[in-house]
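Each remark here refers to the structure printed beneath this line.
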Amino acid sequence: MKNVLILGGNGRIAQFAIQDLLTTNNKVTLLVRDANKVPETLQNKVKIVVGDVNDLNLLTTAMKDIDIVYSNLGSRDIVPLAQNVISAIKSTSVQQLIWVSTLGIYDELPTKFNEFNHHALGNGGEQSYLSTYTKAAKLIEQAGINYTIIRPAWLTDNNDLDYELTEREDTFKGTVVSRRSVGVLIAKIINQPEPYQGRSIGVNKPNTDGDEPIKY
Ligand SMILES: NC(=O)c1ccc[n+]([C@@H]2O[C@H](COP(=O)([O-])OP(=O)(O)OC[C@H]3O[C@@H](n4cnc5c(N)ncnc54)[C@H](OP(=O)(O)O)[C@@H]3O)[C@@H](O)[C@H]2O)c1
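Residue 213 is where the sequence shown ends in this note's numbering, and the numbering goes up by one at each step.
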């Protein structure tokens, strides 16, 4: 049983992780910007903290007595959010951060798919999605905290539960993965975090290789 804080608790991947975390007996706290978006079925099963991750005081208070922080944040301004998460973790007794990033932050995709990804995610501009997600992930890797970075392939809302993993130094496999698969993987990591410490994990649906995200 772990005390888990989910940043971006209304996020779509998070909904799948929450289901599994509750069935495996964890105490789940959701940090959300809008409490009205939390599904009614969860209202009496989780603790809800309303706030913004840009608010360092609120974030630090929310991390009191938390074992694992799972960041499901999606933002055009991800770097200051990463900086706040790192600061808050360093001033509390949080043991591990699970940070959802994106594919392509190490240029780790096969050449043609990597080119597609670069174009689609901002063409390498300094403020682009891919550049800012790369910078945020680097900050986390260099912060001296215990982390696991998740790099999902292009996300789908399909219902399949089917994934494989690659490591930081591997060429990324596949092009797509379901949010359900990523959420289930994250709950698995939270339930047994030690083997995943210090890793940056690519997640894809097997046999979905291509020069751009395949449709299925
Ligand atoms: N789309 C893809 O194909 C793809 C592929 C790989 C990785 N990713 C990344 O995977 C991550 C998770 O995906 P998802 O589909 O679960 O994302 P999502 O549904 O958009 O969830 C992101 C959550 O972050 C919250 N958030 C953003 N800024 C915040 C702030 N300042 N303070 C507090 N909460 C904040 C949002 O809150 P609100 O609900 O209040 O807006 C939202 O609930 C994202 O980082 C995404 O970029 C996406």
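In this text, a Cβ means the ideal position worked out from N, Cα and C, and glycines have one as well.
Model, not experiment: these values are computed from the prediction.
Exercise. Sort I86, D206, N7 by Cα distance to L39 and report the nearest one.
Key: Taking only the C-alpha atoms, the option nearest L39 is N7.
Exercise. With hydrogens ignored, establish whether the beta-carbon of V43 is closer than 6 Å to any heavy atom of ligand 1.
Key: No - ligand 1 has no heavy atom lying nearer than 6 Å to the Cβ of V43.
Exercise. Following the continuous alpha helix (DSSP H) through E138, name the residue where it begins and the one where it ends.
Key: Membership of E138 in the alpha helix (DSSP H) is indicated by the continuous run 126 to 138.
Quiz item: Looking at T21 and N143, is the spacing between their C-beta atoms short of 7 Å?
Solution: At the C-beta level, N143 and T21 stay beyond 7 Å of one another.
Practice problem: Run through the region 48 to 116 for me and flag every whole alpha helix (DSSP H) of 4 or more residues, listed as ranges in chain order. | Solution: List check, alpha helix (DSSP H) in window: 53 to 59, 75 to 87.
Exercise. Could you say which of T26, H115, K132 lies nearest to D74 if we only look at CA atoms?
Key: It is K132.
Quiz item: Could you give the C-beta distance for L100 and F169, rounded to a whole number, given that I count them as a contact under 8 Å?
Solution: The Cβ separation is near 6 Å, so the contact holds.
Quiz item: If you check the beta carbons only, do V47 and A59 fall under 7 Å apart?
Solution: No, these two residues do not count as a Cβ contact at 7 Å.
Exercise. Return the chain-ordered list of same chain residues with a C-beta closer than 8 Å to the C-beta of Q92, the five sequence neighbours on each side being excluded.
Key: If we look at Q92 and ignore the five residues flanking it on each side, its Cβ neighbours are D64, I65, N143, P190.
Quiz item: Are I83 and A134 closer than 7 Å when you measure CB to CB?
Solution: In this structure, I83 sits away from A134, with a CB-CB distance that is not shorter than 7 Å.
Quiz item: For ligand 1, any of its heavy atoms closer than 6 Å to the Cβ of W151?
Solution: Relative to the non-hydrogen atoms of ligand 1, the Cβ of W151 comes within a distance shorter than 6 Å of at least one.
Practice problem: In the DSSP assignment, find the alpha helix (DSSP H) that holds G180 and state where it starts and stops. | Solution: G180 -> alpha helix (DSSP H) spans 176 to 188.
Quiz item: For T172, does the count of other Cβ atoms within 10 angstroms reach 16, so buried, or fall short, so exposed?
Solution: When all chains shown are included, T172 counts as buried.
Exercise. Please classify R176: is it buried, with 16 or more other beta-carbons within 10 angstroms of its beta-carbon, or exposed?
Key: By the neighbour-count definition (other C-beta atoms within 10 Å, threshold 16), R176 is a buried residue.
Quiz item: Taking Cβ to Cβ, would you say I198 is nearer than 7 Å to L158?
Solution: The answer is no: Cβ separation not under 7 Å.
Quiz item: Going by alpha carbons, who is nearest to V97 out of A85, E209, E138?
Solution: E138 is the residue among A85, E209, E138 whose C-alpha sits nearest the C-alpha of V97.
Exercise. Taking the CB atoms as reference points, tell me whether V1 and L27 lie closer together than 7 Å.
Key: No, the pair does not count as a contact, with Cβ atoms beyond the cut-off.
Quiz prompt | Backbone CA spacing between T57 and N81 [nearest angstrom] | solution = Linking T57 to N81 through their CA atoms gives a straight-line distance of about 9 Å.
Self-check item: Those residues which DSSP pairs with E161 across a bridge
Solution: For E161, which the question treats as bridged, DSSP gives the partners N201.
Quiz item: Buried or exposed: G121, going by 16 or more other Cβ atoms within 10 Å of its Cβ?
Solution: The residue is exposed, with fewer than 16 neighbouring Cβ atoms inside 10 Å.
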